[in-house]
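There are 2 protein chains.
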Amino acid sequence: MMKEVRVGIAGLGVVGTGVVELLVNNNDRLRRAGAALRLVGVSARDRGKDRGVSLDGVCWFDSPEELAGSDDIDVFVELMGGASGPAYEAVQTALRQGKHVVTANKAMLAEHGAGLAAMAEHKGSSLLYEAAVAGGIPVIRGVREGASACRVDRLVGLLNGTCNYMLTKMTSSGWGYDEALREAQSLGYAEADPSFDVGGADAAQKLAILSTIAFDAGIRYGSFPVEGIEKVTAEDIAGASKLGFRIKLLAVAQRSEDGCELRVHPALVKEDHPVAKADGADNFVIVETDPLGRLTFSGPGAGKGPTAAAVVADLVALSRGVSGPVYNALSTDLQEATLVSPDKKASRFYLRVGLKDVPGAIAGISETLAQKSISIDSLIQPSVSASGEGRPDAMVMLVTHETTMAEIRAAADEIRQKAFALGAPSIIRIEDFD
Amino acid sequence: MMKEVRVGIAGLGVVGTGVVELLVNNNDRLRRAGAALRLVGVSARDRGKDRGVSLDGVCWFDSPEELAGSDDIDVFVELMGGASGPAYEAVQTALRQGKHVVTANKAMLAEHGAGLAAMAEHKGSSLLYEAAVAGGIPVIRGVREGASACRVDRLVGLLNGTCNYMLTKMTSSGWGYDEALREAQSLGYAEADPSFDVGGADAAQKLAILSTIAFDAGIRYGSFPVEGIEKVTAEDIAGASKLGFRIKLLAVAQRSEDGCELRVHPALVKEDHPVAKADGADNFVIVETDPLGRLTFSGPGAGKGPTAAAVVADLVALSRGVSGPVYNALSTDLQEATLVSPDKKASRFYLRVGLKDVPGAIAGISETLAQKSISIDSLIQPSVSASGEGRPDAMVMLVTHETTMAEIRAAADEIRQKAFALGAPSIIRIEDFD
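Residue numbers (our numbering), protein chains in the order written: chain B, 118 to 551; chain E, 118 to 551.
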């Protein structure tokens with residue numbers, strides 16, 4: 118039952134080193150798991166660097182390409198990163214030769230996944246990527262295998278730990294965005310250049326991969342709207358709380374009659390919903406299926422141990438003899454995704470309007486909304502706080518009844534031009550769960 | 118890549134009928150999933166019964182044994198239930214002939230799982246059972262595959278939806294046990310004879326299966342202590358709430374230096390912990406692993422759709438070509454479980470003492486506890502409520518600091534004999550998370 122799998126790893130950063138450690142330290146567990154994994158080759162930028170792991174008896178390759186093409190490996194583990202470039206080239210080389218590939222590279226999959234799947238399926242080899250989405254949480258398995266018999270109707274995820282950590286701190290400590298970002302950086306949750314995380318790209322890449330599995334459709338990063346948390350202020354967080362909501366960066370994929378609707382953006386979620394309560398740096402994924410019902414998965418979405426464990430779990434699966442399509446359908450059965458713009462989707466919205474000291478503001482706002490047939494569900498006008506630089510002195514926050522993004526944007530545009538308005542109103546969608 | 122799998126189903130109750138419906142109605146999804154599943158034979162008690170599904174062209178077998186032994190099927194789907202008897206006989210027949218088996222039968226696996234695994238592995242066939250634990254939640258996959266490279270340190274589950282529904286209602290509505298049970302029965306969450314659910318056996322069987330996967334040790338139902346929720350009163354629920362806790366029926370499996378500790382019992386959980394907040398009829402499982410960290414899974418733990426979807430997901434896996442050990446280790450590598458008694462485990466405890474109208478009760482209780490070196494963390498004496506029949510007129514509820522079940526039982530025994538005590542104190546363990 119046990120067949121030896123010869124492993125080559127390209128990329129010995131934090132995760133790559135973690136994989137090597139697991140292969141060495143958890144050898145007993147792996148052997149019992151029915152896996153005979155032998156690390157035979159590695160490739161990384163700096164050969165001389167001390168990574169704290171022994172690579173005795175492991176062959177060093179100067180390029181990932183050479184490792185990927187080596188006859189000595191059965192599986193190429195790609196942990197270099199980057200949507201295109203050397204990682205993509207090396208993975209293609211491995212697949213072309215009928216080798217299995219295990220990768221944690223969400224950027225590459227979100228861009229080239231369907232093509233790589235076709236290559237793997239053509240040769241009958243496996244392309245596994247549990248570590249690419251939500252770190253150690255087995256959500257790829259959960260959807261691809263656990264819900265394989267089901268129709269997936271909606272995915273809602275907190276897929277970026279950095280953003281969820283920052284929003285949690287902003288909520289619990291009343292911090293502003295900058296303060297939360299500095300803390301996230303000091304704890305290693307955010308990079309020096311945090312834009313990939315806070316701008317929503319990371320969550321969007323993961324969503325593209327998950328929805329390709331969920332909807333049997335090739336969905337690429339870049340094909341749907343993505344908005345980050347950079348504009349969420351301490352006032353928004355506080356106002357949302359007063360109105361009974363939490364602000365989360367949501368990644369949403371929803372099946373509709375006309376196609377699939379995908380979006381990544383900050384959203385207000387009712388404070389008593391599990392999504393609102395999912396605090397901290399963990400990831401959290403809800404999958405609504407028929408007839409399986411609503412599944413939730415949560416756990417560490419990043420980090421050395423969780424990500425390495427997910428990579429090694431894929432290696433165990435290979436050794437046990439996994440097969441089947443790369444997604445939940447063969448790449449030849451993946452359809453062209455018909456993406457529906459979220460602008461048309463009916464939602465409730467949160468609106469924050471900065472005010473100059475001009476009377477009649479609330480009357481003016483409600484009139485403008487009424488003209489667009491947008492009615493107000495609730496409204497608060499927090500007492501004026503000690504104002505920081507650039508902050509409006511007074512503001513109104515409100516929650517509308519259902520309307521569309523197009524309508525609320527048009528209304529906000531009109532409000533911005535009123536005498537009482539200070540700057541453009543900010544708009545955040547409210548995500549309702551039945 | 119697609120190989121046709123010929124399916125025989127024994128047992129056409131609610132779940133069996135759900136499986137037939139899925140095979141027919143979701144044919145398109147299943148084909149895309151890479152699964153070619155053909156229902157060729159069924160066996161059930163009553164041939165004439167109208168089940169609302171067409172069985173045209175499907176062969177009827179008068180006994181599950183005959184179906185299991187038929188050369189016309191590749192996989193025997195056992196949905197009859199029962200730890201031993203016809204289901205067990207038929208599954209053995211199928212495995213002896215090298216057929217794959219898919220089952221939702223937790224009682225059989227919790228009793229005979231290791232032996233059946235050995236039979237399957239001997240012939241190189243698969244024994245799959247996702248539906249046997251937590252219904253549609255892919256927690257078997259999550260542990261067996263997602264955490265295959267990890268050491269599992271602790272499992273904590275709300276594995277019985279009936280109990281969780283009842284405890285939730287007792288908490289939210291102030292209901293007593295009987296009222297909650299009647300409601301659960303009227304909604305179909307509890308059987309006419311509810312003892313299998315409310316007595317903890319159902320949760321314990323699931324725990325036995327999950328911990329066999331988690332600990333690489335053959336763990337059987339009946340080898341660890343199980344206590345149900347029958348003695349939990351409305352007063353306990355209210356007292357726990359006042360003390361900052363919720364009462365849940367927990368299934369716990371914990372690795373320790375001396376072996377594994379398993380137990381199923383009502384427990385107090387701090388009200389802000391996710392386990393405390395997991396309300397309703399859903400199941401909820403926490404898996405603490407190294408180095409993957411803490412994973413949680415939740416979703417519908419029972420019901421036609423979820424259970425049938427889990428069965429069909431296993432059929433899809435077979436069609437895709439799953440293999441590997443039945444648990445997370447080959448049955449030949451499963452160790453004898455060294456079970457540690459929970460009585461030795463240090464915990465905090467909740468104690469409820471019914472009082473006669475005798476002064477000095479609190480002093481008496483604290484003295485008795487102090488003599489056993491048990492100190493009190495917090496104590497409440499709720500105002501006397503309109504007493505129902507048999508209810509004590511007054512009572513004290515308290516939370517201790519850490520001690521053992523043996524110590525707290527001895528103290529409760531002494532308290533019971535005091536002049537102020539009305540009946541035996543009730544004891545509930547407090548489950549703390551780091």
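Yeah, the Cβ is synthetic: ideal placement off N, Cα and C, and Gly gets one too. Note that the structure is a prediction, hence the values are computed from the model and not measured.
- Straight-line CA distance for E:I532 to E:L324? Each residue's alpha carbon lies about 34 Å from the other.
- Message: Three or more C-beta pairs under 8 Å: does that hold for the region 524 to 541 of chain B against the region 164 to 176 of chain E?
- Response: no
- Interface residues of chain B facing E:P423 [CB-CB closer than 8 Å]: P408, L409 and G410
- E:K461 by DSSP, collapsed to three states: which one? helix
- Task: Determine, using beta carbons only, whether E:E247 comes closer than 9 Å to chain B.
- Result: yes
- Task: Please determine if the region 191 to 208 of chain B and the region 122 to 132 of chain B are in contact, where contact requires at least 3 C-beta pairs separated by less than 8 Å.
- Result: yes
- Task: Give me the Cα-Cα distance between E:D407 and B:L276, rounded to the nearest whole angstrom.
- Result: 22 Å
- Item | Option nearest E:V343 by Cα separation, candidates E:L367, E:I326 and E:T329 | E:L367
- Query: So who's on the other strand from E:W177, going by DSSP bridges?
  - Reply: In the DSSP output, where bridge partners are listed per residue, E:W177 has E:V159.
- Less than 9 Å separating the beta-carbons of E:I545 and E:D295? no
- Query: Helix, strand or coil: how does DSSP classify B:G215 here?
  - Reply: For B:G215, the three-state secondary structure derived from DSSP is coil.
- Message: According to DSSP, B:S543 sits in a beta bridge with which residue or residues?
- Response: B:R469
- Message: Any C-beta of chain B within less than 7 Å: which residues of the region 123 to 145 of chain E qualify?
- Response: L139 and N143
- Message: Residues of chain B with CB closer than 7 Å to the CB of E:R268, please, in chain order.
- Response: R146
- Item | Alpha-carbon spacing of E:G507 relative to E:G471, whole angstroms | The pLDDT assigned to E:G507 is 44, lower than 50, so where the model puts this residue is not dependable, and the model offers no usable value.
- Task: Give the DSSP-derived three-state secondary structure of E:K584 in the structure shown.
- Result: The structure shown has nothing for residue 584 of chain E, since chain E only spans 118 to 551.
- Item | Reference E:V122; option with closest CA among E:S290, E:L154 and E:L172 | Cα-wise, what sits closest to E:V122 is E:L154.
- Task: Taking E:N400 as part of the beta strand (DSSP E), name the residues at either end of that continuous run.
- Result: D399 to D407
- Quick one: what's B:V516 bridged to in DSSP? B:Y467 and B:S495
- Can you list the residues of chain E that B:G376 reaches, using a CB-CB cut of under 8 Å? Chain E residues near B:G376: none, gap ~17 Å exceeds 8 Å.
- Since B:I326 is in the beta strand (DSSP E), which residue starts that stretch and which ends it? Per DSSP, B:I326 lies in no beta strand (DSSP E) segment; the continuous alpha helix (DSSP H) that holds it begins and ends at A318 to F332.
- Task: Mind checking which residues open and close the alpha helix (DSSP H) that includes B:E531?
- Result: M522 to R533
- What is the DSSP secondary structure of E:F341, reduced to helix, strand or coil? Coil at E:F341, not helix or strand.
- Task: Determine the DSSP secondary structure at E:T350, reduced to helix, strand or coil.
- Result: coil
- Message: Please tell me whether B:M118 has its Cβ less than 9 Å away from any Cβ of chain E.
- Response: Here the model assigns B:M118 a pLDDT of 49, short of 50, so the residue's position is not dependable, and the following value carries that caveat. It does; some Cβ of chain E falls within 9 Å.
- Query: Per DSSP, E:Q488 forms a beta bridge with which residues?
  - Reply: Paired residues: none, contrary to the question.
- Message: For E:E262, would you say it is in contact with chain B, using Cβ-to-Cβ distances shorter than 9 Å as the test?
- Response: Yes - at least one Cβ of chain B is within 9 Å of the one on E:E262.
- Output the distance between the C-alpha atoms of E:K394 and E:Y205, rounded to the nearest integer angstrom. 38 Å
- Query: Looking at the unbroken beta strand (DSSP E) that takes in B:I415, where does it start and where does it end?
  - Reply: The residue asked about is misnamed: residue 415 of chain B is Ser in this sequence, not Ile. Run containing B:S415: G410 to P417, per the beta strand (DSSP E) assignment.
- Message: With a threshold of 9 Å between beta-carbons, can B:R149 be considered close to chain E, or not?
- Response: Yes, contact with chain E.
- Message: Per DSSP, what are the beta-bridge partners of B:C377 in this structure?
- Response: B:R372 and B:L456
- Are the region 468 to 487 of chain B and the region 520 to 532 of chain B touching by the rule of at least three beta carbon pairs closer than 8 Å? yes
- Query: Does E:S242 have its Cβ less than 9 Å from a Cβ in chain B?
  - Reply: no
- So, B:R437 versus B:I330, is the Cβ gap smaller than 9 Å? no
- Query: Going by DSSP, what residues sit across from B:F193 in a beta bridge?
  - Reply: B:G125 and B:V218
- Task: Mind reading off the beta-carbon distance from B:S599 to B:L379? Whole number of angstroms is fine, and I expect it under 8 Å.
- Result: The question about residue 599 of chain B has no answer, for chain B in this structure spans 118 to 551.
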